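Student:
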Amino acid sequence: MQRQAVPLSRSEKCIVGTGLERQAALDSGVTAIAEHEGKIIYTNTDKIILLGNGDTLSIPLVMYQRSNKNTCMHQKPQVPRGKCIKKGQIVADGAATVGGELALGKNVLVAY
14 MQRQAVPLSR SEKCIVGTGL ERQAALDSGV TAIAEHEGKI IYTNTDKIIL LGNGDTLSIP
74 LVMYQRSNKN TCMHQKPQVP RGKCIKKGQI VADGAATVGG ELALGKNVLV AY
């Protein structure tokens, strides 16, 4: 089986999709999901700190870690500081997701 060795630096959501892109991204486990609702008080490439219900919750992010399939795992924060989020909202994307949806490549514009 062939795999892409390095993920794209700027993936794009597909224009024409099947409708299963969001569920596939959630099932892959590469996205970070908020376990509680609250307000983002700090965001960095290493972690996201969430203030909610009087306690502080730290969400660690994966930085260029090797996976079991010898590929690279990496998470990018998607929420700005000061934003209020709900439980279950996606706070960080993986290398093959954009906005919580599967994004494996680039959209190509073809004219003929």
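Just so we're aligned, residue 14 is where the sequence shown starts under this note's numbering, counting upward by one. Note that CB positions come from ideal geometry on N, CA and C, so glycine has one too. Please read all numbers here as calculations on a predicted model, not as lab measurements.
1. Sorted by chain position, which residues of the same chain lie with C-beta nearer than 6 Å to N120's C-beta, five sequence neighbours on each side aside?
2. Answer with buried or exposed for L21, where buried requires no fewer than 16 other C-beta atoms within 10 angstroms of its C-beta.
3. Are A38 and T110 close, meaning C-beta to C-beta below 8 Å?
4. I believe I103 touches Q88 by the beta-carbon criterion, under 8 Å. Please report the beta-carbon distance rounded to the nearest angstrom.
5. When you compare only the Cα positions, how much space is there between K100 and H49?
Tutor: Let me spell this out:
1. Taking the sequence shown and counting its residues from 1, the one referred to as residue 120 is at position 107. Here the set comprises E25, I28.
2. For the purposes of this step, residue 21 is taken as the residue at position 8 of the sequence shown. Exposed, because fewer than 16 other Cβ atoms sit within 10 Å of the Cβ of L21.
3. Here residue 38 is taken as the residue at index 25 of the sequence shown, counted from 1. Here residue 110 is taken as the residue at index 97 of the sequence shown, counted from 1. Contact: yes.
4. Within the sequence shown, numbered from 1, the residue matching residue 103 stands at position 90. Within the sequence shown, numbered from 1, the residue matching residue 88 stands at position 75. Their Cβ separation, rounded to whole angstroms, is 10 Å, which puts I103 and Q88 out of contact at 8 Å.
5. What you label residue 100 is simply residue 87 of the sequence shown in a count that begins at 1. What you label residue 49 is simply residue 36 of the sequence shown in a count that begins at 1. Near 5 Å, if we compare the C-alpha coordinates of H49 and K100.
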